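Visitor: Below you will find the structure I want to go over with you.
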Amino acid sequence: MPELARKLRNASGPEVYLGIGDEEKLGGSSKLSILRERAVSYMKSYPGADNAGPNISLHSELRSLINGKENFTDNILDYLDAALDYRTSLLSLASDYAQFADLNSKDPRRFDVESWFQQKFEETQAGDLRISAAARAQIQKYHKVHQLIAEKKLVGVPLPTTQRPDYEKPQEYLAIAFASSNLSLNEVQDLINRLHDRRCTQNPSFGFILVTKMLTVNNATQYLIATSTVQ
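Residue numbers (the working numbering): 516 to 746.
The structure is reproduced here in structure tokens:
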């Protein structure tokens, strides 16, 4: 697994080295190996700062896994597996929403929310008043759209025992995509209402229903189907 030996840039700051270059360090566990690969992929998707409230405990465990820790309990591994399933599914859902709304946006797995905010902050400090005013207007639009998305619970809420903690990036990604468009706030609100209605009535293949892997019992993996709590 040579890809695990290369540097992984932490979206929240410094570069870290993934010093896992041989099969011996994988301990012969295919479950652990697969989960470690998924953790690397997730951490490369700009999931947000390690010290952001919802990320603290999860990212700490994932970085320990990535850097070679082996002695995880089955419960911790199942928790990490379920959290990665949940967060990956939400990014796919956000991508589906963006496509449905015909937004010209990047793949959410390749989009860095923090870099967008940094760019907008720098633009607000620009000497050109047109640039600074446009940046301030876009940030204001972002906050209004984010509130609309949250009110409609477009990405639902995580199950308390298997999908916690919350994942902010899908909402932020969508809010930025809408704020970066030429749509008026009224047009955005109409689209968000349509997305909400579509999510509540569409076939599960649209992406909202999430399959979360649970504990392994008698060598068989149990599954839980999580649906929206929105009325």
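In this text, a Cβ means the ideal position worked out from N, Cα and C, and glycines have one as well. Quantities reported herein were computed from a predicted structural model and do not represent experimental measurements.
Is Asp537 buried or exposed, if buried means 16 or more other CB atoms sit within 10 Å of its CB?
Guide: Model confidence at Asp537 stands at a pLDDT of 35, short of 50, so the residue's coordinates are unreliable and nothing is read from them.
Visitor: When the Cα of Leu710 is compared with those of Ser575, Leu599 and Ser610, which residue comes out closest?
Guide: The alpha carbon of Leu710 has as its nearest neighbour, out of Ser575, Leu599 and Ser610, the alpha carbon of Ser610.
Visitor: Restricting to Cα atoms, I'd like to know which of Gly671, Ala616, Gln704 and Ile691 is closest to Arg602.
Guide: Gly671
Visitor: Quick one: using the 10 Å Cβ neighbour count with 16 as the cut-off for buried, is Lys546 buried or exposed?
Guide: exposed
Visitor: Expressed to the nearest angstrom, what Euclidean distance is found between the alpha-carbon atoms of Glu683 and Asp643?
Guide: Rounded to whole angstroms, Glu683 to Asp643 spans 32 Å at the Cα level.
Visitor: If Tyr557 and Leu577 are in contact, beta carbons under 8 Å, what's the gap, nearest whole angstrom?
Guide: Contact flag correct, Cβ pair sits at about 7 Å.
Visitor: Below 8 Å on the Cβ atoms is my contact criterion, and I expect Pro685 with Pro623 to pass it. Report the Cβ-Cβ distance as a whole number of Å.
Guide: 7 Å
Visitor: Between Gly542 and the rest of its own chain, which residues show a CB-CB distance below 7 Å, the 5 nearest in sequence each way excluded?
Guide: With a pLDDT of 43 at Gly542, under the threshold of 50, the modelled position of this residue cannot be trusted, and the question is left open.
Visitor: By Cβ distance, which residues of its chain are closer than 7 Å to Ser720, with the 5 residues on each side in sequence left out?
Guide: With a pLDDT of only 37 at Ser720, under the threshold of 50, the placement of this residue in the model should not be trusted; the figure read from the coordinates follows. Around Ser720: no qualifying Cβ.
Visitor: CB His657 to CB Ala692, shorter than 7 Å?
Guide: The displayed chain sequence assigns Tyr, not His, to residue 657. In this structure, Ala692 does not lie closer than 7 Å to Tyr657 by Cβ.
Visitor: Determine the contact status of Lys635 and Ile654, defining contact as a CB-CB distance below 7 Å.
Guide: Cβ atoms of Lys635 and Ile654: closer than 7 Å.
Visitor: If you measure between the beta carbons of Arg553 and Leu606, is that distance less than 7 Å?
Guide: No, the pair does not count as a contact, with Cβ atoms beyond the cut-off.
Visitor: For Glu687, count neighbouring C-beta atoms within 10 Å of its own C-beta (all shown protein chains included) and say buried if the count is 16 or more, exposed if not.
Guide: buried
Visitor: Assuming Leu550 and Asp617 are in contact, meaning their beta carbons sit under 8 Å apart, how far apart are those beta carbons, in whole angstroms?
Guide: Actually they are not in contact, since the Cβ atoms of Leu550 and Asp617 sit about 36 Å apart, beyond 8 Å.
Visitor: Quick one: is Ser620 buried, meaning 16 or more other Cβ sit within 10 Å of its Cβ, or exposed?
Guide: buried
Visitor: I need the DSSP call for Glu666, collapsed to helix, strand or coil.
Guide: helix
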